[in-house]
Each structure stands twice: as C-alpha cells, then as structure tokens.
Amino acid sequence: QHFQPRCAIGMVPWLNKYSPGDTTALIAALGCDNGCDFCTTTTHFGGKRHQMVTPEQVKNEIKMWQQHTPGTNYIIYEEDQNKEFINEMGRLLRADPDIDFSKFDITILISIRSLSRFDDLDEIVHNNVSNMFIGLESKFAPDEGYGKRSGDAKHILHQLYARGVATMIGWMAGFDFHTREALEEDFQFLLECEPTAAQLTRVTPYPGTPLYNRLKEEGRIKPFKWEDVSFYGGGMIHKNLYEHEIMEFIRKGDERLFHTWGPTILRFFKVYFNGYERYKDYDDKHFRQIAERYRQRVYEAYAMIPALERFAPNGRVRKMVKELEQRWKHHFGEPSKFLKVQAKYTELKAACATMREIVDPTNRHIRIPPAKRYYYFGKDIKDDGSLPYKKEYLNEDPAYISYMKLQAAEQSLLGVAHAAAQVLDFPDSKLHDAIDALRNDASSLLLCLADHLRRPNLDVREFFEDMKEGALDLLAKAVEAGENPENEIDFMVQNAKESLAAALEHYAKQVQGGDGLKKLLTHPALMSFAKATLEAVGAVR
Numbered sequence: 001q002h003f004q005p006r007c008a009i010g011m012v013p014w015l016n017k018y019s020p021g022d023t024t025a026l027i028a029a030l031g032c033d034n035g036c037d038f039c040t041t042t043t044h045f046g047g048k049r050h051q052m053v054t055p056e057q058v059k060n061e062i063k064m065w066q067q068h069t070p071g072t073n074y075i076i077y078e079e080d081q082n083k084e085f086i087n088e089m090g091r092l093l094r095a096d097p098d099i100d101f102s103k104f105d106i107t108i109l110i111s112i113r114s115l116s117r118f119d120d121l122d123e124i125v126h127n128n129v130s131n132m133f134i135g136l137e138s139k140f141a142p143d144e145g146y147g148k149r150s151g152d153a154k155h156i157l158h159q160l161y162a163r164g165v166a167t168m169i170g171w172m173a174g175f176d177f178h179t180r181e182a183l184e185e186d187f188q189f190l191l192e193c194e195p196t197a198a199q200l201t202r203v204t205p206y207p208g209t210p211l212y213n214r215l216k217e218e219g220r221i222k223p224f225k226w227e228d229v230s231f232y233g234g235g236m237i238h239k240n241l242y243e244h245e246i247m248e249f250i251r252k253g254d255e256r257l258f259h260t261w262g263p264t265i266l267r268f269f270k271v272y273f274n275g276y277e278r279y280k281d282y283d284d285k286h287f288r289q290i291a292e293r294y295r296q297r298v299y300e301a302y303a304m305i306p307a308l309e310r311f312a313p314n315g316r317v318r319k320m321v322k323e324l325e326q327r328w329k330h331h332f333g334e335p336s337k338f339l340k341v342q343a344k345y346t347e348l349k350a351a352c353a354t355m356r357e358i359v360d361p362t363n364r365h366i367r368i369p370p371a372k373r374y375y376y377f378g379k380d381i382k383d384d385g386s387l388p389y390k391k392e393y394l395n396e397d398p399a400y401i402s403y404m405k406l407q408a409a410e411q412s413l414l415g416v417a418h419a420a421a422q423v424l425d426f427p428d429s430k431l432h433d434a435i436d437a438l439r440n441d442a443s444s445l446l447l448c449l450a451d452h453l454r455r456p457n458l459d460v461r462e463f464f465e466d467m468k469e470g471a472l473d474l475l476a477k478a479v480e481a482g483e484n485p486e487n488e489i490d491f492m493v494q495n496a497k498e499s500l501a502a503a504l505e506h507y508a509k510q511v512q513g514g515d516g517l518k519k520l521l522t523h524p525a526l527m528s529f530a531k532a533t534l535e536a537v538g539a540v541r
C-alpha cells in the first residue's frame, strides 16, 4: 500500500463540482472481533483482526505524502481502530521533527467500546486524529448483544466534540427490536448525540452473515437481485415494520438532523472551534499545531457564514449561525474586505444552487464519471518519493471540460474582486478615485431613468436607449479602470479576460460542431423554466 490515489471528501458540491483530491487512505487491518451479526467484515475474516501494516509503515507513508503533496489528509481503515496501534503510530509521528500536525489530519474508524478504553480522549487527539466514523447502530445495541456499543455513547461523543473531533455516526433502522415506538426513541437518542455527520441506513442481511442465516431459517429472506442490495435495501422481511416505513423514516431522519442541528458544515465548524479554543494555549508543541490547523479552518469558515444564515431552515439554526459568527469575531475581529468578498460570492453561489435545485433537481441526473485507470510501474518503481503510477482517463467527459472552463472564468472574475478589495484597504490607492467616478456615473444614470419615468408621456425607446448607453459606458469605464496599471489590479483583469476568452472559444467550437446551440436550448433547466412559464401563462388565460 504505497501512495494510494487521493480523493475529495466533504467538499461543498455547489462551490466546486469537481473538487481536487486532498485525502488518501491505507488499510491498517482487516476483520473485526466485535462479532456483530450483520457485519460482512467479521464473517469474511473469521471474527479476528488481521493486521496488514505496522504503525511505522503508516507513519512513513504519511511522511512521504507530506513531502510529495503537503496538506494531504489521511484515512486509516480498520473496522475498529486498535488503541495500541494508533498510539504507537502517533508516538512515531510526534518523534519525527519534519512532521507538522497543522498541515494534515487523520480519520479513523472506531467503536464506542474502543473509545471507552482511553483514560483521557486527549490521548487520541494527540495522535492528530480529528475525524472518526463510529458505528453507533442503535441506543439499544448494548442490551441486544452488540458488544462494540458498550460504554456511555452520549458522554463519549460530547467529550470528542469538546476536543475538536468530528464524527460520522452510523445508525441503522430495521432491527427486530425496532417497533414504531422503539424506532422513534432510538432516533431521539441519536439527535441527543448531536452527530457532526450521520449515515442513516437499513439493517441489511448480506449472504454469509449470521443475520442472513438466521433470517433464512425463519423464512424472512425475500428473493432479490444483487443490484438491489445496498445500505438502503435488500431482501429482508422486517419483524415489526414495513419496508416503506423504514425508508420514509430515514428520509425524514436526515431532515430532522438538518432542522435540529443545522447543515453538516455548520456542525463541523462548531466542533473545530472547540478544538481551537481548547488547545491553542497548551504547552505541548503538537497540541498547538493541532490548534493551528483548527484555527485555519475556522478562519476560512467565515466565507460560509452569510450563506448558512440566509438558507437556515428555521430560527433555531439561524441563531446557531449568528452565535458562530460572534464566536468568530471574538477570536479574529471584523472580517477583512477579502473575506467579505469571498462570503458574498459564496452566498451568491448558494442562492444559484438553491434556485437550480428547484428547477432542475440534482437527483434527476445520474452522473457517470469517465473511466479511469492507474497504471503501476511494477519493477520500474523508484523509491524516491515519486508516484509509483500514472493516471489515465479512458474516455473524455465533455461536461467536465465545459464546467472547468466556466469555473476558471468565474474564479478569475472573483480574483479581480479580491484584488480590488485588497487594494481598497489602502486609503491612498488611486482605485478609490476610479470607484468614486463609477459611483457618480451610476447615480447619474439612475437619476436620468427616474427623470424619464416622471414625464407625462414616457418615451420607451428613448428610455431604453439611455439605459443601454449608460450601462455600456459604465462597463467600458470599469474595464478601463481595471486595465490601468495605476489602479494595481491590471494583472488580475488580464487573467480574467484570458479565462473568459478561453471559455468563449470552447463554446464557439461546440456551436460550430453543430450541437452546442442544441445543447443550450435543450438544457433541462432551460426547458423546465420554459415549461413552467408556458403553464403560468396558460393559467392566467
């Protein structure tokens, strides 16, 4: 396991649909000795843990990634993280002076029982672990024979949050002990645990597991196709619930988490603030590095706050966002113009995504990414810190190419706004004069249009001629001001012009090829909007 490919985790899709990978992984052990009857891993490996690598090998792999691509985060896959393994790995990481805990973090998979074995949860944070997947499964799991759930789950989870450790909580619906009343009580327990993120699934009997064998003996396995088997379904007759009830409960469960604790990204920011506030004044060097990583993340979080506030589902969540903003200002003061520009951009992107979801929901489209393979060099692999493979795409994704062209243009325009905001922070900048002149021209244009509207007989042609001429004049002066080297943003303006030109050339080739205009006119969002408009007109008639 060397230089496993990176992937993007936890990115906001409407900010960047094709986020670059920042996380890689390694399998530390296979199998699990907890003995859960639904678990394929336990069954496949005989209920035992089989270690695949040593803590030193994991440490060396992490170090190689930090040298090759600094900032690469790491997932250590093991069904239930072994305490001695993760502590030894952490000791080796801390002993290496070249490894900086502020540059990356580690995600592990662990159970409540294993977490209960730590005398102080600072011990696991000291290993640079800041994210965990925890199979909570159910409030009633300890009483039903699931040993990995032994321990005070709610207390442990809140102790993790107080230390800046975020969780993805696995919860399952459809156990035999789930009546309708028990299912609701179970979910209320999950809400009280306040998961940073949650994976709500159904109990599914995979062939070979003790659960499958027991249900088959009881005649409760339905005929099924492999393509129908997943976390959300597959072949089981539930004891007290109908299948559609469970699916509806899961759907509403995600909504209840959202309406109770807000969006996942808000929950992450709150937890990261806890970690920063707890460790920033510690004497230990590595705890301070961990605090610095949290500081960087919560500082950048300001860009999301206006969007979180605007689209909060209710007053309770909006209050949480306001409290987060006050917490931010307590530590960092008033945001810079740069951050305010970024926040406005993010808010605009969120608004566009919200409108797009109404007109053209994302779940209407199944995205099939282009085929990709990794070609490993085999005998020719060099142990010099270089990648042991090359990546090849087997087919082209036109949607990806178009999106990236538009994204580049959009980011370059945002760069102009950022540059202007930073330059305007200096009172002596000549850009202030250009901005004042543009404001005066805009004010004059509005007054001119207002004058047109006050006339007894409105000359519509003249009104729109003046509007067009005034708007074009404003645009021309704005571009001229941006291109003027004295205003100190000309470099970013030239970048923006080049990116826009590249996007226009791309679409020009599509139109020339004969399908560009057709794709534009038949775009689902445009067609849905046109249909809705025609229906509205018909209703008025």
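Position 266, counted from 1, in the sequence shown is what UniProt numbering calls 266; the numbers after and before it change by one each time, with no gaps. Backbone N, C-alpha and C fix where the C-beta goes; we use that ideal spot for every residue, glycine too.
Exercise. Since L121 and Q159 are thought to touch, with beta carbons under 8 angstroms apart, how far apart are those beta carbons, to the nearest angstrom?
Worked result: Along the sequence shown, read from residue 1 onward, the residue named residue 121 stands at position 121. Along the sequence shown, read from residue 1 onward, the residue named residue 159 stands at position 159. The Cβ separation is near 5 angstroms, so the contact holds.
For this session: Taking V130 as the reference, give the member of D152, I76, E480 with the closest Cα.
Result: Position 130 of the sequence shown, counting from 1, holds the residue named residue 130. The sequence shown places Ser at residue 130, not Val. Here the closest residue by C-alpha is I76.
For this session: Just the C-alpha distance for residue 542 and L136, rounded to the nearest angstrom, thanks.
Result: With the chain covering only 1 through 541, there is no way to say anything about residue 542.
For this session: Report the three-state DSSP secondary structure of T24 (helix, strand or coil).
Result: Residue numbering aside, residue 24 sits at position 24 when the sequence shown is read from its first letter. Correct three-state label for T24: strand.
Exercise. Within this structure, are the beta carbons of I99 and Q66 separated by less than 8 angstroms?
Worked result: Taking the first residue of the sequence shown as 1, we reach residue 99 at position 99. Taking the first residue of the sequence shown as 1, we reach residue 66 at position 66. Yes, the Cβ-Cβ distance between I99 and Q66 is below 8 angstroms.
Problem set entry | Residues near E123 in its chain [Cβ-Cβ closer than 8 angstroms; skip 5 each side] | Within the sequence shown, residue 123 is the residue found at index 123, counting from 1. Result list for E123: N87, in chain order.
Exercise. Whole-angstrom Cβ separation of F28 and E78, contact assumed at under 8 angstroms?
Worked result: Indexing the sequence shown from 1 puts residue 28 at position 28. Indexing the sequence shown from 1 puts residue 78 at position 78. Note on identity: in this sequence residue 28 is Ala, with Phe being the wrong assignment. The C-beta distance from A28 to E78 rounds to 4 angstroms, short enough to meet the 8 angstroms contact threshold.
Exercise. I think F231 touches T201, with their Cβ atoms under 8 angstroms apart; what is that distance to the nearest whole Å?
Worked result: Working through the sequence shown from its first residue, we reach residue 231 at position 231. Working through the sequence shown from its first residue, we reach residue 201 at position 201. That pair is a contact at about 4 angstroms.
Exercise. Does DSSP classify F133 as helix, strand or coil?
Worked result: The residue you call residue 133 lines up with position 133 of the sequence shown. The answer is strand: DSSP assigns F133 an E or B state.
For this session: Take the Cβ of K59 as the centre, count every other Cβ of all protein chains shown within 10 Å, and call the residue buried at 16 or more, exposed below.
Result: Counted from its first residue, the sequence shown places residue 59 at position 59. Buried, since its Cβ has 16 or more Cβ neighbours within 10 Å.
Problem set entry | Any alpha helix (DSSP H) of 4 or more consecutive residues that is wholly inside the region 191 to 279 | 210 to 217, 243 to 261, 264 to 279
Exercise. Where do the N-terminal and C-terminal ends of the alpha helix (DSSP H) with Y294 fall, by residue?
Worked result: Translated into positions along the sequence shown, residue 294 becomes position 294. From DSSP, the alpha helix (DSSP H) with Y294 extends over 285 to 300.
For this session: Check each candidate in Y18, K48, M64 and name the one with the smallest Cα separation from S386.
Result: Taking the first residue of the sequence shown as 1, we reach residue 386 at position 386. Closest option to S386, Cα to Cα, is M64.
Exercise. Under 8 angstroms, do Q289 and F104 count as touching if we go by C-beta distance?
Worked result: Along the sequence shown, one-based indexing puts residue 289 at 289. Along the sequence shown, one-based indexing puts residue 104 at 104. The answer is no: Cβ separation not under 8 angstroms.
Exercise. What distance in whole Å lies between the Cβ atoms of I169 and I112, which are believed to be in contact at a cut-off of 8 angstroms?
Worked result: To locate residue 112, count along the sequence shown from 1; it is residue 112. To locate residue 169, count along the sequence shown from 1; it is residue 169. Contact flag wrong, Cβ pair sits at about 10 angstroms.
For this session: Decide if G219 is buried, meaning its Cβ has at least 16 other Cβ atoms within 10 Å, or exposed.
Result: Taking the first residue of the sequence shown as position 1, residue 219 is located at position 219. Exposed, because fewer than 16 other Cβ atoms sit within 10 Å of the Cβ of G219.
For this session: Let me know the secondary structure DSSP gives Q411 once reduced to three states.
Result: Within the sequence shown, residue 411 is the residue found at index 411, counting from 1. If DSSP states are grouped into helix, strand and coil, Q411 belongs with the helices.
Exercise. Among the residues of its own chain, which have a CB less than 8 angstroms from the CB of G47, if the five just before and after it don't count?
Worked result: Translated into the one-based positions of the sequence shown, residue 47 becomes position 47. The residues are G31, C32, D33, G35.
Exercise. Is it buried or exposed for V540, if we count other Cβ within 10 angstroms and need 16 for buried?
Worked result: Numbered from 1 along the sequence shown, position 540 holds the residue referred to as residue 540. Note that V540 scores 47 on pLDDT, short of 50, meaning its location in the model is unreliable and no value can be drawn from it.
Problem set entry | Rounded distance between the beta-carbons of S336 and H506, thought under 8 angstroms | The count along the sequence shown starts at 1 and reaches residue 506 at position 506. The count along the sequence shown starts at 1 and reaches residue 336 at position 336. With 8 angstroms as the limit, H506 and S336 do not qualify as a contact, their Cβ atoms being about 34 angstroms apart.
Exercise. Which partner residues of T167 appear in the DSSP bridge assignment?
Worked result: One-based indexing of the sequence shown puts residue 167 at position 167. M132.
For this session: Tell me, please, which residues DSSP counts as bridged to Q51.
Result: The count along the sequence shown starts at 1 and reaches residue 51 at position 51. The bridge partners DSSP lists for Q51 are A29.
For this session: State the CB to CB distance for the pair Y374 and P5, rounded to an integer number of angstroms; the pair is presumed to be in contact (CB under 8 angstroms).
Result: Here residue 374 refers to the residue found at position 374 of the sequence shown. Here residue 5 refers to the residue found at position 5 of the sequence shown. 6 angstroms between Cβ atoms; contact.
Exercise. By how many angstroms is the C-alpha of R180 removed from the C-alpha of V203?
Worked result: Stepping through the sequence shown from its first residue, residue 203 is reached at position 203. Stepping through the sequence shown from its first residue, residue 180 is reached at position 180. Distance between the alpha carbons of V203 and R180 is about 15 angstroms.
Problem set entry | Span separating the alpha-carbon of Q512 from that of A503 | The count along the sequence shown starts at 1 and reaches residue 512 at position 512. The count along the sequence shown starts at 1 and reaches residue 503 at position 503. Roughly 14 angstroms between the two C-alpha positions.
Exercise. Given a threshold of 16 other Cβ atoms within 10 Å of its Cβ, counted over all protein chains shown, does K390 qualify as buried or as exposed?
Worked result: Numbered from 1 along the sequence shown, position 390 holds the residue referred to as residue 390. Exposed, by the Cβ-count rule.
Exercise. Among E61, D283, P13, S429, which one has its Cα closest to the Cα of P388?
Worked result: Taking the sequence shown and counting its residues from 1, one reaches residue 388 at position 388. Looking at the Cα atoms, E61 is the closest of the given residues.
Exercise. Leaving out the 5 sequence neighbours to the left and right, which residues in its chain are closer than 6 angstroms to C193 when beta-carbon positions are compared?
Worked result: What you label residue 193 is simply residue 193 of the sequence shown in a count that begins at 1. In the same chain as C193, and ignoring 5 residues on each side of it, the C-beta atoms closer than 6 angstroms to its own belong to K154, L157, in chain order.
Exercise. Is R541 helix, strand or coil by DSSP?
Worked result: As a working note, residue 541 is residue 541 in the sequence shown. Note that R541 scores 46 on pLDDT, short of 50, meaning its location in the model is unreliable and no value can be drawn from it.
Problem set entry | Secondary structure of K430, DSSP reduced to three states | Translated into the one-based positions of the sequence shown, residue 430 becomes position 430. Looking at K430 - three-state DSSP - the assignment turns out to be coil, as it is neither helix nor strand.
Problem set entry | Span of the alpha helix (DSSP H) around T42 | To locate residue 42, count along the sequence shown from 1; it is residue 42. Secondary structure note for T42: its alpha helix (DSSP H) is the uninterrupted segment 40 to 44.
Exercise. If G470 sits next to L438, beta carbons under 8 angstroms apart, how far is it from one beta carbon to the other, in whole angstroms?
Worked result: The residue given as residue 470 occupies position 470 in the sequence shown. The residue given as residue 438 occupies position 438 in the sequence shown. The Cβ separation is near 12 angstroms, so there is no contact.
Problem set entry | Segment contact, 8 angstroms Cβ cut-off, at least three pairs: the region 235 to 248 with the region 265 to 273 | By the Cβ test, the region 235 to 248 is not in contact with the region 265 to 273, since fewer than three Cβ pairs between them sit closer than 8 angstroms.
Exercise. Do S114 and D143 have their CB atoms nearer than 8 angstroms?
Worked result: Numbered from its first residue, the sequence shown carries residue 114 at position 114. Numbered from its first residue, the sequence shown carries residue 143 at position 143. No, the Cβ-Cβ distance between S114 and D143 is not below 8 angstroms.
For this session: Examine the Cβ distances between the region 206 to 213 and the region 40 to 54 and report whether three or more of them are shorter than 8 angstroms.
Result: yes
Problem set entry | From T54, D281, F377, V165, residue whose alpha carbon lies closest to that of M132 | Translated into positions along the sequence shown, residue 132 becomes position 132. Considering only alpha carbons, the answer is V165.
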